[in-house]
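The sequence shown begins at 334 in the working numbering and counts up by one. First up is the structure itself, then whatever we jot down about it.
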Amino acid sequence: ADSIETLVAAQWYDACITIPGCDKNMPGCLMALGRLNRPGLMVYGGTIKPGHLDGEKLDIVSAFQCYGEYLAGKIDESRRQEIVKRSCPGAGACGGMYTANTMASAIEALGMSLPYSASIPAEDLAKQDECRQAGHAVRLLLERDLKPRDIMTRDAFENAMVVVMALGGSTNAVLHLIAMARAVD
334 ADSIETLVAA QWYDACITIP GCDKNMPGCL MALGRLNRPG LMVYGGTIKP GHLDGEKLDI
394 VSAFQCYGEY LAGKIDESRR QEIVKRSCPG AGACGGMYTA NTMASAIEAL GMSLPYSASI
454 PAEDLAKQDE CRQAGHAVRL LLERDLKPRD IMTRDAFENA MVVVMALGGS TNAVLHLIAM
514 ARAVD
């Protein structure tokens, strides 16, 4: 939060689009936007797409579970390494409802990212479209003089909390939402 705030303030930017990709940097971006209170929004870097092996989908949990299977003698080291290699096949945050995807969903519900930002994978072409749309959206925010404190209201935070609970999101969201709310208080 501090580094974003320092850079944007030092350069006296009129607006800001942040592009975080993982757990703590998303609330950090929102804290900076809230403290600066200049038009801005967040584009989530995106989640990782699932991997595949022998017709089955794999994700980060597959990488964890295969180690247990290896220790139990159910698979050999070669198979374990193949699962690990294919579980996280590209760029993006961990592909589960862990902190990164929880916070991306909460921030979208809060109104500080574009619709569907939380659900577009990092390597999907739609993420490039979202980046272009973010530029247009920030221009509208500038023209209408809409700032983060106009958007990040108590009602918006309550909406974000409901989304986190409905999704069964990470408990880290409690701490992050409190920190973000304090930044706009």
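Beta carbons are placed, not taken as given, at the ideal position from N, Cα and C, and that holds for glycine. Source: prediction; values computed, not measured.
Cβ-based burial, residue i [other Cβ within 10 Å; buried from 16]
i: V507; result: exposed
i: M498; result: exposed
i: V471; result: buried
i: C464; result: exposed
i: D518; result: exposed
i: R487; result: exposed
i: I511; result: exposed
The beta strand (DSSP E) enclosing residue i, as first and last residue numbers
i: C349; result: 349-351
i: G468; result: Segment 458-477 is the alpha helix (DSSP H) holding G468; no beta strand (DSSP E) there.
Alpha carbon of residue i to alpha carbon of residue j, nearest angstrom
i: P353; j: F397; result: 25 angstroms
i: A493; j: V341; result: 26 angstroms
i: H481; j: N370; result: For the sequence presented, residue 481 should be read as Pro rather than His. Their backbone Cα atoms lie some 5 angstroms apart in a straight line.
i: L475; j: R419; result: 43 angstroms
i: R477; j: D483; result: 11 angstroms
i: D356; j: G425; result: 12 angstroms
Residue range of the unbroken alpha helix (DSSP H) whose run includes residue i
i: K418; result: 410-420
i: M364; result: 358-369
i: L443; result: 432-443
i: S446; result: Per DSSP, S446 belongs to no alpha helix (DSSP H) and is neither H nor E.
i: A455; result: Taken as a continuous stretch (DSSP letters only), A455 belongs to no alpha helix (DSSP H), as it is neither H nor E.
Per DSSP, cross-strand counterpart(s) of residue i
i: L391; result: G384
i: L374; result: I350
i: A424; result: In DSSP, A424 forms no bridge with anything.
Worksheet item: Do three or more CB pairs link the segment 452-470 to the segment 370-382 at distances below 8 angstroms?
Response: yes
Worksheet item: Do the segment 361-377 and the segment 443-450 meet, that is, are 3 or more Cβ pairs less than 8 angstroms apart?
Response: yes
Practice prompt. State whether the segment 385-396 contacts the segment 500-516, with contact taken as three or more CB pairs (one from each stretch) at a distance under 8 angstroms.
Written response: When Cβ pairs closer than 8 angstroms are counted between the two stretches, the segment 385-396 is seen not to touch the segment 500-516, the count staying below three.
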